[in-house]
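Undergrad:
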Amino acid sequence: MKKQKPEHVSQADWDAVDSPPLDSSFLAKMRPAAAEHPSFPPKVRGPQAQVKKTPISIRLDEAVVSSFRATGRGWQSRVNQVLRDWLKEHGNAI
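Straight run, no breaks: the sequence shown in numbering that gives the first Met the number 0 ends on number 93.
1. Using the Cα positions of L26 and P37, report the straight-line distance between them to the nearest angstrom.
2. Is A48 helix, strand or coil by DSSP?
3. Out of curiosity, what's the CA-to-CA distance linking W74 and R68?
4. Ignore the nearest five residues each way along the sequence and tell me which others in V78's own chain have a CB closer than 8 Å to its CB.
Structure (structure tokens):
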């Protein structure tokens, strides 16, 4: 399988790299970096914030969902905000 050059890499840079193919014997020899370099610090996640949202299943009109999705990333948060605003307007403070 021939590798394809990414558009952001110049042809000269692409030609200057001589990478061996990653065949199954090469991949079988690979080991985790921590096993090969024990001095690397371990990956530790910090304290996690409590979940503040509850996953639900809800049926909405296709037009409503597609309109919100068309606004791009974060569309579910915008739906949440619209619902919060409605609750405030109707005297159901959160």
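Just so it is clear, CB atoms sit at the ideal spot from N, CA and C, and this is done for glycine as well.
TA: Based on what the coordinates show:
1. Taking the sequence shown and counting its residues from 1, one reaches residue 26 at position 27. Taking the sequence shown and counting its residues from 1, one reaches residue 37 at position 38. When only Cα atoms are considered, L26 and P37 end up about 21 Å apart.
2. Taking the sequence shown and counting its residues from 1, one reaches residue 48 at position 49. In the three-state DSSP reduction, A48 falls in the coil class, being neither helix nor strand.
3. On the sequence shown, residue 74 is found 75 positions in, with the first residue counted as 1. On the sequence shown, residue 68 is found 69 positions in, with the first residue counted as 1. Note on geometry: alpha-carbon atoms of W74 and R68 lie some 6 Å from one another.
4. The sequence position of residue 78 within the sequence shown is 79, counting from 1. So the list reads F67, once near-sequence residues are dropped.
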